[in-house]
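Residue numbers (the UniProt record's numbering): 1 to 125.
A virtual CB, placed ideally from N, CA and C, is assigned to each residue, including glycine.
Report on the structure given below.
Encoded structure:
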């Protein structure tokens, strides 16, 4: 039995439909999505003002985040492990700082008691 002839019309329709889906879909999304400026202009004036005030801080936070990621990526460990270690070290540093501060306060209280200075009623010492 001889092979069937190729149905070129079917193949043409399939290729055209694939091209419409693969090219037209992203093009439609790009056309329909608003730009950042259009979104910003749709904010009410109070939100626009607040957004402008916080913009520099957000950019600085993002730059710090990216620089930390670059630093973490230089390690042989995964970024998740290195960031967890860095967070633990930062937490331990804050705890040590608070302990040192409380020790200084206790030392001041002790020095005041030894000097014979009576604390003021209602004072914090």
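With a contact defined as Cβ atoms closer than 8 angstroms, residue 69 and residue 79 qualify at about 7 angstroms. Annotation: the continuous alpha helix (DSSP H) that includes residue 14 extends over 8-19.
Considered as a whole, the segment 75-123 harbours no complete run of any beta strand (DSSP E) with no fewer than 3 residues. Using a Cβ distance threshold of 8 angstroms, residue 43 and residue 33 do not count as a contacting pair. By a beta-carbon distance limit of 8 angstroms, residue 75 contacts residue 82. Their separation comes to about 5 angstroms. Secondary structure of residue 4 (DSSP, three-state): coil.
The C-alpha of residue 98 lies about 11 angstroms from the C-alpha of residue 105.
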